[in-house]
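Mapped onto my numbering, the consecutive letters of the sequence shown carry residue numbers 330 to 711.
Notes follow the structure.
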Amino acid sequence: MQIILSILAECWHLLAEASIYIIFGLLVAGLLKAFLSPSFVSRNLGQGKVGPVFKAALLGLPLPLCSCGVLPAAAGLKRQGAGRGAVASFLVSTPETGVDSIAITYALLGPVMAIARPLAAIITALLTGLGMGALKDKQKQAAALPDLTCPVDSCCDGTDCAPEEHAHHHTLLQRIRAGMAFARGELWEDLAAWFWLGLVLAGIIAALVPAEFLTRYLGGGVGSMLIMLAVGIPLYICASASTPIAAALILKGVSPGAALVFLLAGPATNVTSLTVLVGVLGKRGTALYLVGIALGAVVSGLLLDQFFVLSGLSPLAVVGSAGEIIPGWLRQAGAGLLVLMSIAPLWRLALRKLGRKRPEVQSLDSLAPVSSCGSSSCGCGR
């Protein structure tokens, strides 16, 4: 019983530290959904060697899409004429970070990691995209049309409606309301289960795993980075859910660099998405994609460890320091709010998993994706 109480205490502590930042990240992600037009993203990733690759890395950075959810978006960009380098850059930077994961990184891992994580994601995306651009396409590969539907209320498909005309369809208040509805609805629906899974795993690590064990194997160096790569590449986890796990690992003695490798490799890849990647990038492109992520993550991890050594900063002193800025009562209130927000999504997920939800008769035309990744069965989040 004491073990269970210890795990719950660690989980609640992490939740309270991150709660306000998670809520802030959700709000910003909702506004991005309402105000960032999908057609704008598509138009800015055309053919080119360097410019589109750099734009793709920056545009993908704040978007709340997981490693599965980014695939249909990337396929749509490719269909609209985006170069393979830009597509690869977008595929790397988008799932590795997002406004929600950057906010929770700041809360749980401190300002250094909050800067290092998106910076490493951009560098990895650029290296992968530029390398991908050097490959020559042997054949044109088909991809799904992008979803350019109005993000506010789906009033048009974005194809037959001119942007200047559509700009007058909705007021500022309508866009804000739509963004907030997306944040507390579809986005948190996708994120909640994975976030709580990550939080529970972090609580178990913090309460039960001996620090000496992790320090021995993951205390730093190339070996610890490779172990984290082996764990992170096939793992199915979103950027927000990986953050509390990384915080617990650092508190147990894992080097910040090794934790950064996990934060980069885990969200960017998973076994189930590799087959789809082959269709978007080709076999050689997919191999280069994985190599680019691995090299970028390891090099970033080694540089981060070196920064902590040269600066004299203690990783243990930095982790969780940002959360202390928020008053204690507000952190507790934020944690309570997240619990309340999670009840309905987790209950619906439990019903689906147990098969107790009664099937509804639908026509083929009425079937539509319900998750941010474009698949009604994915269940993943970003």
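From the three backbone atoms N, C-alpha and C, an ideal C-beta is built for every residue, glycine too.
Query, Result
"Beta-carbon proximity check, residue 566 vs residue 595, cutoff 8 Å", "yes"
"Contacting residues, own chain, Cβ-Cβ under 7 Å from residue 425 (five flanking each side not counted)", "450, 568, 593, 596 and 597"
"Cβ separation of residue 618 and residue 453, assumed to be a contact under 8 Å, to the nearest whole Å", "Not quite, the Cβ-Cβ distance comes to about 10 Å (not below 8 Å), so this is no contact."
"Simplified DSSP assignment, three categories, for residue 611", "coil"
"Reduced DSSP category for residue 330 - H, G, I as helix; E, B as strand; rest coil", "coil"
"Contact set for residue 358: own chain, Cβ-Cβ below 7 Å, skip 5 residues either direction", "393, 427, 428, 429, 512 and 516"
"Pick from 383, 623, 520 and 536 that is closest to residue 591, judged by C-alpha positions", "623"
"Test item: CB-CB of residue 343 and residue 626 under 8 Å", "no"
"Alpha helix (DSSP H) segment containing residue 447, residue limits", "428-462"
"Close Cβ partners of residue 674 (< 8 Å) along its chain, the five nearest in sequence each way excluded", "517, 518, 521 and 522"
"Counted within 10 angstroms of its Cβ, other Cβ atoms place residue 330 as buried (16 or more) or exposed", "exposed"
"CB of residue 508 within 8 Å of CB of residue 431, strictly", "no"
"Alpha carbon of residue 439 to alpha carbon of residue 576, nearest angstrom", "10 Å"
"Contact under 8 Å by Cβ, residue 633 with residue 589", "yes"
"Classification of residue 413 by the beta-carbon crowding that lies within 10 angstroms, buried from 16 upward", "buried"
"Same chain only: Cβ atoms within 7 Å of residue 553, ignoring 5 sequence neighbours per side", "546, 547, 584 and 587"
"Nearest-angstrom Cα separation, counted from residue 669 out to residue 662", "11 Å"
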